[in-house]
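Enquirer: Here the working numbering is used: the first residue of the sequence shown is 32, the next is one more, and so on. Ideal placement from N, C-alpha and C gives every residue a C-beta, glycine not left out. Just dropping this structure here.
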Amino acid sequence: MSVLAPQDLELTDGSRIGVVGGGPAGSFFSYYALEYARRFGLEVELDIFEAKDFTRIGAAGCNHCGGIISETLVQDLATDGLVIPSDIIQRTISTYTLHTEQGSRVIRTPSDEHRIASVFRGSGPRGCLDTSLNGFDNYMLELCEKNGARVIREKVTALERSEDGITVGYAKSAARKYDLVVGAVGLSNKTLDLFKTICPAYSLPEKTRAYISEFMMKPANIEKSLGSSMHVFLLDLPQITFGALIPKYNYVTLVLLGRDIDKDVVQNFVQSAQVRSCFPADYPIDRIAPCQCYPYINIKQGKHAYANRVVLVGDSGSSKLYKNGIGAALITAKAAASTAIFEGISEKHFEKYYAPVCRDLDRDNGVGKLIFRITRIIQKSSIIKRGLLHQVGKEQSISGSALRLSAVLWDTFTGSSGYRNILKRFLHPGLLLGLIGSTTRSNVPPFNRNSHEKQKARQAL
Ligand SMILES: Cc1cc2nc3c(=O)[nH]c(=O)nc-3n(C[C@H](O)[C@H](O)[C@H](O)COP(=O)(O)OP(=O)(O)OC[C@H]3O[C@@H](n4cnc5c(N)ncnc54)[C@H](O)[C@@H]3O)c2cc1C
């Protein structure tokens with residue numbers, strides 16, 4: 032390896048790339064870096080270090096997640112020739128069911144082409160007896176291996192910068208030196224601290240605890256109780272910004288997002304009548320699920336996630352607030368891969384070509400925060416929720432209706448669209464007027480409405 036001035040840092044034939052973390056961000060980076068290098072006629076060596084074995088059942092093989100692959104992600108990957116095979120997909124989600132204390136509504140996909148997939152990230156929940164399940168992360172990692180990456184199943188324990196590269200140390204073998212090191216380690220503080228030593232201007236993302244549990248159920252019961260619908264809950268419960276039940280083949284995944292979710296918050300949610308109504312009457316929903324965890328989720332991006340020869344992608348860099356984290360991993364990983372292969376690997380190169388992508392996600396998350404604040408107001412107001420249900424019901428029942436509110440809700444739940452785009456559509460005068468009309472109409476007490484109508488009818492005689 033030769034010593035170069037920072038501005039000349041670029042990958043050449045024989046350069047080595049070390050990717051730490053083989054979750055979605057690490058795999059996407061590797062997949063696109065190898066693909067771009069092939070197109071560019073550049074011969075690079077790429078190693079992926081991954082501490083987990085994604086073929087294992089339970090926590091040891093899982094990157095804790097609801098497993099919803101958004102429609103934009105499905106489409107973006109397909110555009111690049113990457114079609115998720117059907118054996119990875121646990122269920123295709125075709126509708127969302129919105130539950131509130133005031134009632135429920137089914138929201139159909141705004142366009143028939145829009146389909147969402149639910150997957151497992153590992154090889155199935157703890158206690159799962161089927162050992163043949165293939166999860167999303169394992170599929171992506173194997174795909175990278177097929178495309179020329181070397182997967183080193185080791186935990187990285189040291190990173191050291193020298194003039195001509197970065198040395199990656201791991202427990203069982205001799206350390207290796209790389210021209211470029213990519214951090215795709217999710218929200219693992221220990222490993223992010225290692226990156227801070229070689230990327231001094233980097234500030235770690237902020238995070239909070241979320242919750243996931245897996246309920247095993249017979250496929251026929253899932254079909255009957257939940258169908259192919261993702262069930263989302265807008266309940267007036269403290270600390271919960273978003274609660275959802277995601278049907279898979281013979282499991283139902285419960286996901287809770289919010290601030291510092293703990294055991295009591297989970298119990299409040301699970302015991303609500305709306306959640307219970309999604310399970311067969313005799314299902315022991317109160318029993319502690321054998322597979323449950325409180326993983327971290329990003330609430331604020333990392334800053335300056337790059338330096339000479341280093342870039343951090345996915346959750347370690349920038350993600351999308353609460354939704355479509357795998358989609359955000361694709362966005363950041365692809366931008367970092369194209370910068371590294373086509374432009375260069377200096378801090379200046381990443382500043383010019385990679386940072387704008389992270390800033391754009393950051394700005395969008397700012398609007399996302401506002402949307403979730405509005406959602407919290409709606410959660411607390413039975414009047415608005417009644418209006419919301421009324422308006423959605425109206426849109427869904429009239430064929431050819433503009434589906435304005437339904438599409439906004441769909442994109443908010445799925446994360447399929449940017450938050451700025453969602454807010455812009457929410458502020459459409461037609462949507463707001465419709466919602467205000469529905470809120471006033473659906474909140475007129477039935478007695479008053481009847482007497483008013485009777486009075487009008489009497490006057491008409
Ligand atoms: C409750 C919850 C529900 C979610 N639901 C969804 C959803 O439905 N859809 C969606 O799109 N997103 C969802 N997300 C977000 C999504 O999980 C993340 O955005 C996504 O996993 C980020 O991918 P990543 O590759 O950056 O990080 P990760 O998936 O965390 O992968 C990081 C990898 O790095 C490895 N690693 C870490 N340290 C080391 C080391 N020292 N050496 C070697 N390897 C190491 C880890 O083992 C891991 O495999 C959810 C998140 C939470 C918390």
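1) Locate the beta strand (DSSP E) running through Pro315, then write down its first and last residues.
2) Could you check whether Leu466 and Gly418 sit closer than 8 Å to each other, using their CB atoms as the reference points?
3) Which residues bound the alpha helix (DSSP H) around Arg340?
4) Between the C-alpha atoms of Gly348 and Ser428, what's the straight-line distance to the nearest angstrom?
5) Determine the direct distance from the alpha carbon of Ile357 to that of Val341, and round the result to whole angstroms.
6) Check whether the Cβ atoms of Ser135 and Ile88 lie closer than 8 Å to each other.
7) Indicate, with yes or no, if ligand 1 has a heavy atom lying under 7 Å from the CB of Val263.
8) Return helix, strand or coil for Glu194, following the three-state DSSP convention.
9) Could you check what DSSP says for Arg47 in three-state terms: helix, strand or coil?
10) Is DSSP giving Pro55 helix, strand or coil here?
11) Report whether the distance from the Cβ of Cys96 to the nearest heavy atom of ligand 1 is below 7 Å.
12) Ignore the nearest five residues each way along the sequence and tell me which others in Ala82's own chain have a CB closer than 6 Å to its CB.
13) Should Asp442 be counted as a contact of ligand 1 given a C-beta to heavy atom distance under 7 Å?
14) Measuring only the C-alpha atoms, how far is Ala148 from Glu102?
15) Have a look at Thr284 and Arg404 and give me their C-alpha separation to the nearest angstrom.
16) Alpha carbon to alpha carbon, what distance is there between Lys208 and Tyr201?
17) Where does the unbroken alpha helix (DSSP H) through Cys159 begin, and where does it stop?
18) Buried or exposed for Leu401, please, with buried defined as at least 16 other CB atoms from any protein chain shown within 10 angstroms of its CB.
19) So what does Val182 bridge to, in DSSP terms?
20) With distances taken Cα to Cα, identify the nearest neighbour of Ser61 among Asp442, Ser432 and Ile372.
21) Can you have a look at Pro236 and say buried or exposed, based on whether 16 or more other CB atoms are within 10 angstroms of its CB?
22) Using 8 Å as the threshold, is the C-beta distance between His130 and His262 below it?
23) Taking 8 Å as the cut-off, decide whether the C-beta atoms of Val388 and Ile362 are in contact.
24) By Cβ distance below 6 Å, which residues in the same chain neighbour Ala189 in space, the five residues on each side in sequence not counted?
25) Report the residue from Ser244, His380 and Glu426 whose alpha carbon sits nearest the alpha carbon of Ile319.
26) Going by other Cβ atoms of all chains shown within 10 Å of its Cβ, with 16 needed for buried, is Gln298 buried or exposed?
27) Cutting at 7 Å between CB atoms, please list the residues of its own chain near Leu164, excluding the five before and the five after it.
28) Consider the C-beta atom of Ala360 and the heavy atoms of ligand 1; say whether any pair is separated by less than 7 Å.
29) Would you say Lys186 touches ligand 1, meaning its beta carbon is less than 7 Å from a heavy atom?
30) So is the beta-carbon of Ile99 under 7 Å away from any non-hydrogen atom of ligand 1?
31) Check whether the Cβ atoms of Ala359 and Lys351 sit closer than 8 Å, and answer yes or no.
32) I'd like the span of the alpha helix (DSSP H) that includes Gln305, first residue to last.
33) Quick check: the Cα distance between Leu436 and Leu268, rounded to an integer number of angstroms?
Expert: So, from the listed chains and residues:
1) Pro315 -> no beta strand (DSSP E), and no H or E assigned at all.
2) yes
3) It is not in any alpha helix (DSSP H) - Arg340 carries neither H nor E in the DSSP assignment.
4) 43 Å
5) 21 Å
6) no
7) no
8) coil
9) strand
10) helix
11) yes
12) Lys186
13) no
14) 8 Å
15) 25 Å
16) 12 Å
17) That residue, Cys159, is in no alpha helix (DSSP H); it is neither H nor E in DSSP.
18) exposed
19) Ile79
20) Ile372
21) buried
22) yes
23) yes
24) Gly200
25) Ser244
26) exposed
27) Phe151, Ser154 and Gly155
28) yes
29) yes
30) yes
31) yes
32) Ala304 to Arg307
33) 23 Å
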